[in-house]
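*Asks:* For the sequence shown, the residue numbers in mature numbering (1 follows the signal peptide of the UniProt record, and there is no 0) are -23 to -1, 1 to 276. Handing you this structure, nothing more for now.
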Amino acid sequence: MRLFNALALLPVLALLTTAPLCAEVTFGASGEEGEPFRRQQWRVPSPDDDIAAHALLFRPAGAGPFRLAVIAHASTQNALRRAQMPQPEYRALTAFLVARGFAVLVPERLGHGASGGRYVEDQGGCDEADYTRSGRATADEISRALEFLRKQDFIRKDTAIVIGHSAGGWGALALANADPNAVAAIIAFAPGRGGHANDEPNRICAPHTLLSAAAEFGKAARIPVTWLVAANDSYFAPAFSKALADAFRASGGKADFRTLPAVGSEGHWMIETEAGVKAASSELARALNPSRPVATKKP
């Protein structure tokens, strides 16, 4: 029965991962504003010229210009799970940010849900995982969406914030080499890849490779990172997360590492919940309002 179900899903997977033939690619708003927070569907650039990535945009009342926050979602190596992924919203986090004057963009990267297309951030097999390449691919997708929104009249050109979760957080670390005059700060919730190897808690694919990649990202980092993990995260436990942050810092990156209280039954998903956002609210508020852009390395 499981084999039959898997075979039945293959046409769906093929449909979701294939770009429409002869479709004209357009970017920008693709629907009316709605609730909550002026919720609106957008299409943003992707690494594939034939595919516009789906995204959700939320805004405070008024014309702006608003500071921009881009939320980079988690991911999975499982192709069927990616294809079936609902469009990420991070509702509680979005509400927190909009209440503080941010326009919030949540782009859905290639290979996920409605965006479809090829999964460009694939890390490869467990033993030979290439975490540096996958992180940079994620960073490239985040950067394309961010730069497109920065060109909009209602968005400020400076002091943007990037908030990444899990694989999205890993990509945010790789993006720490961006222009600090454009991106003021990065907030990474349990950043990493390869967690729950073979669906087993507290097992990570090639952990030493992940540590080496964190050090590689730290070498070029110019933007300060707030690195947060819940006490009950079984994907990247606090001890290992601290080791990653230490590797990032040892090679030159600037990271403020904090362990947050346990939230729910699995802390890795804390930032998707109201309780998790509440637990992280003090650290979020501190990171959202740096006194000025800080470069940790010269360009």
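Think of the CB as a built atom: it goes at the ideal place given N, C-alpha and C, for glycine as much as any other residue.
(1) By how many angstroms is the C-alpha of Asp26 removed from the C-alpha of Cys(-2)?
(2) By a C-beta neighbour count over all protein chains shown, 10 Å radius and 16 as the cutoff for buried, is Glu249 buried or exposed?
(3) If you compare alpha carbons, which of Val254, Ala190, Ala192 is closest to Val206?
(4) Measuring only the C-alpha atoms, how far is Leu237 from Ala208?
(5) By how many angstroms is the C-alpha of Ile200 removed from the C-alpha of Ile181?
(6) How far does the alpha helix (DSSP H) with Arg113 in it reach, from first residue to last?
(7) Just mark Asn158 as buried or exposed, buried being the case when its beta carbon has 16 or more other beta carbons within 10 Å.
(8) Ignore the nearest five residues each way along the sequence and tell me which others in Ala191's own chain have a CB closer than 6 Å to its CB.
(9) When DSSP builds the beta bridges, which residues end up paired with Phe234?
(10) Short of 7 Å in beta carbon distance, which residues of its chain neighbour Glu251, apart from the five on each side in sequence? Order them along the chain.
(11) From Ala46 to Ile140, what distance separates their C-alpha atoms?
(12) Any idea if Glu105 is buried or exposed, counting beta-carbon neighbours within 10 angstroms, 16 or more meaning buried?
(13) Compute the distance between the beta-carbons of Leu150 and Leu82, then report whether it is under 8 Å.
(14) Ala60 lies in the alpha helix (DSSP H); which residues open and close that run?
(15) Could you give the DSSP three-state label for Ala69: helix, strand or coil?
(16) Report yes or no: do the segment 11 to 22 and the segment 95 to 115 share at least 3 C-beta pairs separated by less than 8 Å?
(17) Determine whether the beta carbon atoms of Ile119 and Ala72 lie at a separation below 8 Å.
(18) When the Cα atoms are used, what is the spatial distance from Ala197 to Ala153?
(19) Could you check whether Ala122 and Glu98 sit closer than 8 Å to each other, using their CB atoms as the reference points?
(20) Can you pull the DSSP bridge partners for Ile248?
(21) DSSP three-state call for Ala183: helix, strand or coil?
(22) Would you say the beta carbon of Arg133 comes nearer than 7 Å to a heavy atom of the ligand ATP?
(23) What separation, rounded to the nearest whole angstrom, lies between the Cα atoms of Leu265 and His89?
(24) DSSP state of Gly93, grouped into three classes?
(25) Please classify Pro168: does DSSP put it in a helix, a strand, or coil?
(26) Leaving aside the five residues before and after Phe162 along the sequence, list all residues of the same chain whose C-beta is less than 6 Å from its C-beta, in chain order.
(27) Helix, strand or coil, according to DSSP, for Phe213 in the structure here?
(28) Cα separation between Gly102 and Arg44?
(29) How big is the Cα-Cα spacing for Gly93 and Leu87?
(30) Can you name the start and end residues of the alpha helix (DSSP H) that Gly146 belongs to?
(31) Val240 by DSSP, collapsed to three states: which one?
*Replies:* Reading from the atomic positions:
(1) In this prediction, Cys(-2) scores a pLDDT of 44, lower than 50, which makes its location untrustworthy; the coordinate-derived value is nonetheless stated afterwards. Cα to Cα, Cys(-2) sits roughly 12 Å from Asp26.
(2) buried
(3) Val254
(4) 6 Å
(5) 27 Å
(6) 108 to 127
(7) exposed
(8) Leu221, Ala224, Phe225
(9) Trp204
(10) Ala69
(11) 7 Å
(12) exposed
(13) no
(14) 56 to 60
(15) helix
(16) no
(17) no
(18) 7 Å
(19) no
(20) BP columns for Ile248 are empty, so no partner.
(21) coil
(22) This structure simply doesn't include the ligand ATP, nor any ligand for that matter.
(23) 28 Å
(24) coil
(25) coil
(26) Correcting the residue identity first, residue 162 is Ala in this sequence and not Phe. Taken in chain order, the residues that qualify are Ile138, Pro201, Ala264, Pro267.
(27) coil
(28) 39 Å
(29) 6 Å
(30) 144 to 151
(31) coil
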